[in-house]
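Student: Here the sequence shown is numbered in our numbering, starting from 203 and rising by one per residue.
Pasting a structure here, questions to come.
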Amino acid sequence: MTNVQIQTSKGNINLKLFDDDAPMTVASFLFLIRKGFYNGLTFHRCIDNFMIQGGCPLGTGTGGPMNKGIDKFPYKGGMVKYPFSDEFHNGHLFDKPGILAMANAGPNTNGSQFFITHVVTDWLNNKHTIFGEVMGPEDQKVVNAIKKGDKIQKIKIL
Numbered sequence: 203m204t205n206v207q208i209q210t211s212k213g214n215i216n217l218k219l220f221d222d223d224a225p226m227t228v229a230s231f232l233f234l235i236r237k238g239f240y241n242g243l244t245f246h247r248c249i250d251n252f253m254i255q256g257g258c259p260l261g262t263g264t265g266g267p268m269n270k271g272i273d274k275f276p277y278k279g280g281m282v283k284y285p286f287s288d289e290f291h292n293g294h295l296f297d298k299p300g301i302l303a304m305a306n307a308g309p310n311t312n313g314s315q316f317f318i319t320h321v322v323t324d325w326l327n328n329k330h331t332i333f334g335e336v337m338g339p340e341d342q343k344v345v346n347a348i349k350k351g352d353k354i355q356k357i358k359i360l
């Protein structure tokens with residue numbers, strides 16, 4: 203499992219990624235991190251008792267990698283175009299707070315936007331690819347403190 207740290211204006215959020223269970227999603231996320239894609243973006247959608255969402259280069263919830271000139275990412279020796287396919291049925295559910303998943307605009311529309319939950323959100327099962335979770339309660343406290351407009355200063359691969 204790969205660990206990453208989202209450095210925010212409210213503190214750091216440490217996450218473990220599910221490399222084996224959502225390999226394409228993790229490959230895309232790590233690729234965008236290495237490109238510095240997320241640096242300086244905001245959490246553009248934050249709903250109390252639900253989730254925080256970030257990763258839109260436009261800050262509106264309508265953007266993705268292509269807004270920064272990125273149309274594909276490396277995966278298993280080839281290149282995958284954005285948007286990319288869902289990875290459901292991987293054994294992970296929205297059954298606790300702190301779940302990291304892809305935001306999307308419907309089936310197979312994954313790009314750069316992600317969200318982290320505040321609570322159990324089981325109605326999202328098989329609608330959003332789960333690809334990680336917070337590492338501990340201190341990380342969840344930071345998730346819970348994030349408000350709309352707070353910045354992702356940097357995401358670091360640990």
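Glycine is no exception: its CB is placed at the ideal position from the N, C-alpha and C atoms.
Counting beta carbon pairs with one atom in the stretch 284 to 296 and one in the stretch 308 to 327, are three or more of them shorter than 8 Å?
Tutor: They touch, by the three-pair rule.
Student: For residue 281 and residue 234, what's the separation of their Cα atoms in angstroms?
Tutor: Within the sequence shown, residue 281 is the residue found at index 79, counting from 1. Within the sequence shown, residue 234 is the residue found at index 32, counting from 1. Cα to Cα, residue 281 sits roughly 14 Å from residue 234.
Student: If I follow the unbroken alpha helix (DSSP H) through residue 302, where does it start and stop?
Tutor: Mapped onto the sequence shown, residue 302 falls at position 100. Here residue 302 belongs to no alpha helix (DSSP H); instead the beta strand (DSSP E) covers 301 to 304.
Student: Where residue 246 and residue 257 are concerned, what is the direct C-alpha to C-alpha distance, given to the nearest angstrom?
Tutor: Working through the sequence shown from its first residue, we reach residue 246 at position 44. Working through the sequence shown from its first residue, we reach residue 257 at position 55. So the alpha carbons of these two residues sit roughly 8 Å apart.
Student: What runs of the beta strand (DSSP E), each 3 residues or longer, lie entirely inside the stretch 234 to 290?
Tutor: Correct list: 245 to 249, 253 to 256, 274 to 277 and 280 to 283.
Student: Rounded to whole angstroms, what's the CA-CA distance from residue 304 to residue 340? Just pull it up for me.
Tutor: Residue mapping note: residue 304 aligns to position 102 of the sequence shown, counting from 1. Residue mapping note: residue 340 aligns to position 138 of the sequence shown, counting from 1. So the two alpha carbons sit approximately 22 Å from each other.
Student: Taking the alpha-carbon positions, what's the residue 217 to residue 206 distance?
Tutor: Your numbering for residue 217 matches position 15 in the sequence shown. Your numbering for residue 206 matches position 4 in the sequence shown. Looking at the two C-alpha atoms, the distance is approximately 5 Å.
Student: Hey, out of 352, 349 and 277, whose CA is closest to residue 224's CA?
Tutor: Sequence index remark: in the sequence shown, residue 224 carries index 22 (1-based). When each option's Cα is compared against that of residue 224, the closest is 277.
Student: Pick out the complete beta strand (DSSP E) segments inside the stretch 303 to 332, 3 residues or longer, and give them in chain order.
Tutor: The qualifying runs are 316 to 319.
Student: Straight-line CA distance for residue 227 to residue 348?
Tutor: Here the question's residue 227 lines up with position 25 in the sequence shown. Here the question's residue 348 lines up with position 146 in the sequence shown. Cα-Cα distance, rounded: 24 Å.
Student: DSSP three-state call for residue 295: helix, strand or coil?
Tutor: For the purposes of this step, residue 295 is taken as residue 93 along the sequence shown, with counting starting at 1. Here residue 295 sits in coil by DSSP.
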